[in-house]
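First the structure, in the form of structure tokens, and then the observations on it.
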Amino acid sequence: MSNYDWETMTQTKISAKDVAELRARTSAGMMDCKKALEEAGGDMSRAAELLRSKGIAKAEKRAGRSTSQGLVVGRLNADASQGAILELTSETDFVARTEEFGAVANALLEQLSDAAPMSLAEFLAQPAAGATGETVADVVKQTSGKTGELVAIKDAVKYAPGATGTVGLYLHHNQQVGVLIELVSGTEEAARSETVGALARELALHVASANPLAVRAEDIPAEVIERERRIAEEQAAESGKPEAVRGKIVEGKVKKFIAEQVLVDQGWVKDDKKPIHSLIADAAKAAGTTVSVVRFVRRQVGES
Numbered sequence: 000m001s002n003y004d005w006e007t008m009t010q011t012k013i014s015a016k017d018v019a020e021l022r023a024r025t026s027a028g029m030m031d032c033k034k035a036l037e038e039a040g041g042d043m044s045r046a047a048e049l050l051r052s053k054g055i056a057k058a059e060k061r062a063g064r065s066t067s068q069g070l071v072v073g074r075l076n077a078d079a080s081q082g083a084i085l086e087l088t089s090e091t092d093f094v095a096r097t098e099e100f101g102a103v104a105n106a107l108l109e110q111l112s113d114a115a116p117m118s119l120a121e122f123l124a125q126p127a128a129g130a131t132g133e134t135v136a137d138v139v140k141q142t143s144g145k146t147g148e149l150v151a152i153k154d155a156v157k158y159a160p161g162a163t164g165t166v167g168l169y170l171h172h173n174q175q176v177g178v179l180i181e182l183v184s185g186t187e188e189a190a191r192s193e194t195v196g197a198l199a200r201e202l203a204l205h206v207a208s209a210n211p212l213a214v215r216a217e218d219i220p221a222e223v224i225e226r227e228r229r230i231a232e233e234q235a236a237e238s239g240k241p242e243a244v245r246g247k248i249v250e251g252k253v254k255k256f257i258a259e260q261v262l263v264d265q266g267w268v269k270d271d272k273k274p275i276h277s278l279i280a281d282a283a284k285a286a287g288t289t290v291s292v293v294r295f296v297r298r299q300v301g302e303s
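Numbering (numbering that gives the first Met the number 0), first residue to last: 0 to 303.
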């Protein structure tokens with residue numbers, strides 16, 4: 000630490016812990032992180048934006064990384080009209096890979112699959128299956144006591160869209176990534192068809208790989224779009240380009256960001272020249288009715 004001016008950092012209310020956190024989120028250098036935090040008045044998100052606008056920060060996906068370990072488990076019912084996914088976390092991979100931990104994760108998944116869709120808080124408050132006077136939260140606490148590590152359900156989601164809905168599931172072989180996706184068709188016959196079922200599976204695999212932010216552009220939170228616009232404006236201002244063309248540059252960057260983050264506009268991971276909306280259109284034509292994506296959830300161990 001003697002190589003850095005920690006006294007100055009303290010005077011400007013920027014702690015070494017803040018610098019370390021920003022560095023972990025962005026992979027930028029320590030002094031770059033310090034300067035960004037000073038310029039942002041200590042605002043972590045704003046400092047990350049400043050680093051990105053200057054081209055210093057690495058891929059934003061690092062922002063959600065943590066030291067958490069665990070498993071992602073999921074299942075569909077026989078006709079893919081319902082599905083569930085659950086992430087159970089631990090402190091070390093050693094615990095996550097034990098037979099007991101896996102058994103707890105699958106028992107919780109079975110209970111989630113048999114229940115009606117509900118929030119995570121509601122699921123934790125449910126009476127545990129096969130237990131007397133215990134809740135799901137109690138089971139998780141008991142698992143923590145047995146393993147000697149903090150164990151938690153990071154997320155628990157069930158989709159049960161009804162007669163015209165189809166649920167797709169993808170689980171990576173190492174149980175570190177899982178995706179649940181919900182589609183809706185124009186008819187019940189189409190929803191139960193192999194064509195739409197195959198599409199749901201293919202889209203779940205795509206989401207696992209491409210990690211989109213939303214199904215459609217209008218589903219991306221306004222604050223996320225505004226953040227990208229600010230970054231683009233700062234980059235355009237620093238580029239030295241004439242002010243008259245900066246607006247077009249900014250709009251182009253924002254448009255590109257949206258296209259890269261929206262599921263239906265992304266290039267299919269198996270053929271990036273074919274957009275996902277074309278893949279969906281082909282399946283709908285084969286099924287003889289409309290097919291669209293309603294929502295999805297993607298869970299990756301170690302990400303928030």
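All C-beta atoms, glycine included, are put in the ideal place defined by N, C-alpha and C.
Which of helix, strand or coil DSSP assigns to residue i
{"i": "residue 133", "result": "coil"}
{"i": "residue 178", "result": "strand"}
{"i": "residue 251", "result": "helix"}
{"i": "residue 194", "result": "helix"}
{"i": "residue 262", "result": "helix"}
{"i": "residue 79", "result": "coil"}
{"i": "residue 302", "result": "strand"}
{"i": "residue 96", "result": "coil"}
{"i": "residue 152", "result": "strand"}
{"i": "residue 67", "result": "coil"}
{"i": "residue 16", "result": "helix"}
Span of the beta strand (DSSP E) around residue i
{"i": "residue 27", "result": "Counting along the chain, residue 27 falls outside any beta strand (DSSP E), and DSSP gives it neither H nor E."}
{"i": "residue 284", "result": "That residue, residue 284, is in no beta strand (DSSP E); its alpha helix (DSSP H) goes 275-286."}
{"i": "residue 166", "result": "164-170"}
Start-to-end residues for the alpha helix (DSSP H) that takes in residue i
{"i": "residue 298", "result": "Not the alpha helix (DSSP H): residue 298 falls in the beta strand (DSSP E), residues 290-299."}
{"i": "residue 120", "result": "119-123"}
{"i": "residue 90", "result": "Careful: residue 90 lies outside any alpha helix (DSSP H) and carries neither H nor E."}
Cut-off 6 Å between Cβ atoms - residues of its own chain near residue i, not counting five sequence neighbours on either side
{"i": "residue 280", "result": "none"}
{"i": "residue 159", "result": "81, 116"}
{"i": "residue 32", "result": "18, 21, 22"}
{"i": "residue 15", "result": "none"}
{"i": "residue 170", "result": "73, 177"}
{"i": "residue 2", "result": "Because the pLDDT of residue 2 is 38, which lies under 50, any placement of that residue in the model is unreliable, and the number read from its coordinates should be weighed accordingly. Here the set comprises nothing."}
{"i": "residue 153", "result": "86, 88"}
Close-in-space but distant-in-sequence residues of the same chain around residue i (CB under 7 Å, 5 per side omitted)
{"i": "residue 93", "result": "none"}
{"i": "residue 174", "result": "70, 71, 72"}
{"i": "residue 289", "result": "184, 185, 283"}
{"i": "residue 143", "result": "149, 150"}
Same chain, Cβ closer than 8 Å to residue i, neighbours up to 5 away in sequence not counted
{"i": "residue 163", "result": "183, 184, 185, 186, 187, 189, 190"}
{"i": "residue 240", "result": "248"}
{"i": "residue 268", "result": "204, 205, 208, 209"}
{"i": "residue 38", "result": "46, 49"}
{"i": "residue 213", "result": "219, 260, 261, 262"}
{"i": "residue 265", "result": "205, 209, 211, 258, 259, 274, 275"}
{"i": "residue 43", "result": "17, 20, 21, 24, 36"}
Rounded distance between the beta-carbons of residue j and residue i, thought under 8 Å
{"i": "residue 127", "j": "residue 137", "result": "6 Å"}
{"i": "residue 139", "j": "residue 151", "result": "6 Å"}
{"i": "residue 156", "j": "residue 296", "result": "5 Å"}
Notebook entry, point to check: Unbroken alpha helix (DSSP H) runs of length 4 or more, entirely within the region 198-253: which are they?
Noted result: 221-237
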